[in-house]
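Participant: Chains as they are written, first to last, in the numbering used here: chain B, 776 to 1038; chain X, 178 to 596. A virtual CB, placed ideally from N, CA and C, is assigned to each residue, including glycine. Please find one structure pasted underneath; my questions will follow.
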Amino acid sequence: MQIYWVILILLAGLSQASGQANPADALLEGSGIAIEDEAMSLPAPSISAIEPGSLILQIEEIELDGNVKEAIMLNEQLLELIPNSPEVFNNLARLHSINRDYDKAIEVLESGIATNKTFDIMHQNLRKLFLELARQVYQEALNEPTSNGSNGEQKDTPIINLVRLKIPLKESEINFATDRSGHLQTPITIENKALRKDKVVDIVIPVIEDEPLPPVKEIIFTDDAYDFPSASNDLIQFYPTHSALFMKSALTYMVKQSNEVRA
Amino acid sequence: MKLEHKLFVFCHFALVLAISAILSTNLYASSGKDYEKAIVKITSNLRNGNFETAQSIAKDLHDGKPATRLASLLYADLLAAQAGALSSVGGLASQGKELRNLKHELNVRWNRHLQNETLLKQKVPASLIQLGNSTEHVVYADLSASRIYIYQNRNGAPYLINDYYVTQGLKGALKQVEGDQRTPVGVYYITGYIAGATLPSRYGPGALPINYPNALDIELSRTGYGIWIHGTEPYLVNRSPYASDGCLSLNNTDFKHFNRLIQQKRFTPVVIEKAIDWVDLGARNQTKIQLRNVIQKWTETYSQANHKKLSTFYKDPPKTGTGATKGVLIDNQTTILNYEQTTEVVDFELFQYPGESGLYVAEFGQRNKKSATQVRRVQQYWKKDSSGNWKIQVESISPKNSMIKLATEIKSSNQKPSS
């Protein structure tokens, strides 16, 4: 949003500057030429470039090119444009997780959940992240080679799935591209399509199957006591009542959220 | 003004450097003691429901250096709990020996935390019966608790001054043969000090070898060598409880502290036991009185050079000739004849021998009554026979015998002008 205004003001300034001389001439002249040069080589780097639709497309493209860091940057811009979208939070967390910055991914998902309490996928993904992080730390604790260690074992599929965002835009401004399954639609601005006509057709975003979640261990709780059917005594010795309650809250929270959405 | 500014900038720079240095190392793991406190803090917070505090300490330890495996396990558990997937300590980790080891470490550290400090100082290990005058400190290892205690000699009684978490052999206690990766159980002495600079890095800041196999071990055909007390790999805060080839391995800061306390002193007794048996400090020990008297009689008989009478003190009639451990002191007739003068027992030390039921080891000096000089230091392993009489099972010249020579050497070298 900020960038939008900056460009607008800059353009307004330029048009003014070309009309009549003023003390800012010297300052604006250089930048004016630069913009003109760029405009000639790359057609229409305009307002549409920061439309959410084309930004989403750009993010996906950049990610496919393997530039995750830039994709994160653009996704953060997107979050500024549409700050309440759970999909954007989710996808930003996804990019952080691809970058193996799980702490950041968890942070993003938690703020996403704070804005959208009923978006089931974010809860599932948060759980997946905690599990993945736990798995890695367990390996470190047991002195086993970690997945980002020297043995080069890399998890190819991201932990978090991409959630395609659907944004209603003015029809005059957008075209839609469908993916292989045909029902997910990516909005593309007309200008953007013209700019990258050949590329748009070629974009194939892989449809990622939802990984089955590891089974939740059966933990039975009652109001004032707790019981772990499969637990050894050590859990009760070291993580007694309160911890059980903690786990209870974590677990019931997840389950509740899932049921709400499914219902 | 300029200088002040420069000084300010320099100070600022130094401060930033110092802060970044502090941040990159584990504050909680700056020593083994601090690390243990942090582990206890995480566990207490967990038990009290302060999960955020627990997680923040665990994460700090996990993220810093040296590597802290137990803290990492607790951190992983906290993460797994948030995914609703925790059913036991280390529930999501691959179940096996490594996890069992870490859980054992958590157990022993937590149990140490549960011990009452005041009560701990009022109790002593039953095996430390009497400390000799020449003993300043005793090192006592309780292998079942993965703990090493340092006792100071206060009028012959042990007084607890410090204790540390300790790692033992991969296969646990009771070393029998070379390469069995077990830690010996028994009474030993520190034989010297090896500086860490001359050793591979896995030994940490240094090593204190002990005299395994001792006379009893040899008698029982136990083999092996090179049992040391040493530090650990520089990248680890400590090894897991069972992770050496039989040595006792300490956290590096702990080792330095330990070494300073005992002043890396040769002949510091090291008593290693499978499990501690606590008794009240100052409890009257009947065995001590009995054995003290029997040994005094032995030395008197010895002085009389009465071979026949002397034989009655031994388990079997001692063999003649050399090479036999049993009764070595009377095997050699010349020794007896040389010390025909009356001798008395001095600097008497007595331990109940760990791992051997009813066995006691006495270490003492034989002093010439007339000249009041020690002629020799002796180590004897005593046990009651079926009719209730104390008999010497194994006997040897004490490893501390060289202490007498050492004392005279120091005396003579002191007289020489220094070059």
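1. What separation, rounded to the nearest whole angstrom, lies between the Cα atoms of X/Y491 and X/T368?
2. Using beta carbons (cut-off 8 Å, strictly below), is B/A916 in contact with chain X?
3. With X/Y336 as the anchor, note down where its beta strand (DSSP E) starts and where it stops.
4. Figure out for me which residue from X/K210, X/V538, X/I216 and X/Q543 has the closest Cα to the Cα of X/L393.
5. Measure from the C-beta of X/H290 to each C-beta in chain B and report whether the shortest distance is under 8 Å.
6. Inspect the CB distances between the region 451-458 of chain X and the region 295-307 of chain X and report whether three or more fall short of 8 Å.
7. Any heavy atom of the ligand ADP closer than 7 Å to the Cβ of B/L870?
8. Just to confirm, is the Cβ distance from X/V414 to X/T245 under 8 Å?
9. For a minimum of 4 consecutive residues, which ranges assigned as the alpha helix (DSSP H) are wholly contained in the region 367-401 of chain X?
10. Using the C-alpha atoms, what's the distance from B/N936 back to X/L347?
11. Is it right to say X/N391 is buried, meaning 16 or more other beta carbons lie within 10 angstroms of its own, or is it exposed?
12. I need the straight-line Cα distance from X/I395 to X/E355, nearest angstrom please.
13. Flag B/V912 as yes if its beta-carbon sits less than 8 Å from any beta-carbon of chain X, otherwise no.
14. Going along chain D, which residues have a C-beta under 9 Å from B/R902?
15. Does the beta carbon of B/A880 sit closer than 8 Å to a beta carbon anywhere in chain X?
16. Tell me, please, whether the CB atom of X/E275 is closer than 8 Å to any CB atom in chain B?
17. Residues in its own chain within less than 6 Å of X/K577 by CB, not counting five upstream and five downstream?
18. For X/L255, I'd like the list of residues in its chain whose CB is within less than 8 Å of its CB, leaving aside the five on either flank, ordered along the chain.
19. Is it buried or exposed, B/G887, if we count other Cβ atoms within 10 angstroms and call 16 or more buried?
20. Compute the Euclidean distance between the alpha carbons of X/Q543 and X/F525, then round it to the nearest angstrom.
21. Of the residues X/H281, X/H407 and X/L247, which one's Cα is nearest the Cα of X/A374?
22. Quick one: grab the DSSP three-state call for X/T430.
23. Since X/R277 is in the alpha helix (DSSP H), which residue starts that stretch and which ends it?
24. Measure how close the beta-carbons of X/R333 and X/Q307 come, nearest whole angstrom, since I'm counting them as under 8 Å.
25. Taking only beta-carbon atoms, is B/L870 less than 8 Å away from chain X?
26. Assign X/P243 to one of three DSSP states: helix, strand, or coil.
27. Under 7 Å Cβ to Cβ from X/L279, same chain only, skipping five residues before and after it: list those, please.
28. Compare the C-beta of B/L884 with all C-beta atoms of chain X and state if any pair is closer than 8 Å.
29. Can you tell me which residues form a DSSP beta bridge with X/G363?
Facilitator: Judging by the given coordinates:
1. Translated into the one-based positions of the second sequence, residue 491 of chain X becomes position 314. Translated into the one-based positions of the second sequence, residue 368 of chain X becomes position 191. X/Y491 and X/T368: Cα-Cα distance of roughly 28 Å.
2. Along the first sequence, read from residue 1 onward, the residue named residue 916 of chain B stands at position 141. So yes, B/A916 belongs to the interface.
3. Start at 1 with the first residue of the second sequence, and residue 336 of chain X comes out as number 159. For X/Y336, the enclosing beta strand (DSSP E) has its first and last residue at A334 to Y342.
4. Translated into positions along the second sequence, residue 393 of chain X becomes position 216. Distance check between X/L393 and each of X/K210, X/V538, X/I216 and X/Q543 places X/V538 closest, using alpha-carbon atoms only.
5. For the purposes of this step, residue 290 of chain X is taken as the residue at position 113 of the second sequence. So no, X/H290 is outside the interface.
6. Enough Cβ pairs lie closer than 8 Å, so yes.
7. Judged by which ligands are present, the structure shown has none, so any question about the ligand ADP falls away.
8. Taking the first residue of the second sequence as 1, we reach residue 414 of chain X at position 237. Taking the first residue of the second sequence as 1, we reach residue 245 of chain X at position 68. Taking 8 Å as the Cβ cut-off, X/V414 and X/T245 qualify as a contacting pair.
9. Qualifying alpha helix (DSSP H) stretches, in chain order: 392-396.
10. Looking up residue 347 of chain X in the second sequence gives position 170. Looking up residue 936 of chain B in the first sequence gives position 161. Rounded to the nearest whole angstrom, the CA to CA distance from X/L347 to B/N936 is 44 Å.
11. The count along the second sequence starts at 1 and reaches residue 391 of chain X at position 214. Burial call: buried.
12. Within the second sequence, residue 395 of chain X is the residue found at index 218, counting from 1. Within the second sequence, residue 355 of chain X is the residue found at index 178, counting from 1. One Cα belongs to X/I395, the other to X/E355, and the distance between them is close to 12 Å.
13. Position 137 of the first sequence, counted from the start, is the residue given in the question as residue 912 of chain B. Between B/V912 and chain X, the shortest Cβ-Cβ separation is below 8 Å.
14. Of the chains in the structure shown, none is chain D; the protein chains are B and X.
15. Looking up residue 880 of chain B in the first sequence gives position 105. Residue contact with chain X for B/A880: absent (no Cβ-Cβ distance below 8 Å to any residue of chain X).
16. On the second sequence, position 98 is the one that residue 275 of chain X refers to. Yes, contact with chain B.
17. One-based indexing of the second sequence puts residue 577 of chain X at position 400. Taken in chain order, the residues that qualify are F444 and R554.
18. Here residue 255 of chain X refers to the residue found at position 78 when the second sequence is read from its first residue. Take X/L255, set aside five residues on each side of it, and the residues of its chain with a beta-carbon closer than 8 Å to its own are L223, F228, A231, Q232 and A235, in chain order.
19. Translated into positions along the first sequence, residue 887 of chain B becomes position 112. Buried, since its Cβ has 16 or more Cβ neighbours within 10 Å.
20. Residue mapping note: residue 543 of chain X aligns to position 366 of the second sequence, counting from 1. Residue mapping note: residue 525 of chain X aligns to position 348 of the second sequence, counting from 1. Roughly 10 Å between the two C-alpha positions.
21. What you label residue 374 of chain X is simply residue 197 of the second sequence in a count that begins at 1. Minimum Cα distance to X/A374 is reached at X/H407.
22. Numbered from its first residue, the second sequence carries residue 430 of chain X at position 253. The answer is helix: DSSP assigns X/T430 an H, G or I state.
23. Within the second sequence, residue 277 of chain X is the residue found at index 100, counting from 1. For X/R277, the uninterrupted alpha helix (DSSP H) run begins and ends at K274 to L291, by DSSP.
24. Position 156 of the second sequence, counted from the start, is the residue given in the question as residue 333 of chain X. Position 130 of the second sequence, counted from the start, is the residue given in the question as residue 307 of chain X. At residue 333 of chain X the sequence reads Gly, which differs from the Arg that was named. With a Cβ gap of about 5 Å, X/G333 and X/Q307 count as contacting.
25. By one-based count along the first sequence, residue 870 of chain B stands at place 95. No, its Cβ sits nowhere closer than 8 Å to a Cβ of chain X.
26. In the second sequence, counting from the first residue as 1, residue 243 of chain X sits at position 66. The three-state reading of DSSP puts X/P243 in coil, since its state is none of H, G, I, E or B.
27. Residue mapping note: residue 279 of chain X aligns to position 102 of the second sequence, counting from 1. For X/L279, where only same-chain residues beyond five positions count, the Cβ hits under 7 Å are R246, L247, L250, G267 and S417.
28. Residue mapping note: residue 884 of chain B aligns to position 109 of the first sequence, counting from 1. For B/L884, no Cβ of chain X is located within less than 8 Å of the residue's own Cβ.
29. Taking the first residue of the second sequence as position 1, residue 363 of chain X is located at position 186. DSSP lists X/I449 as the bridge partner or partners of X/G363.
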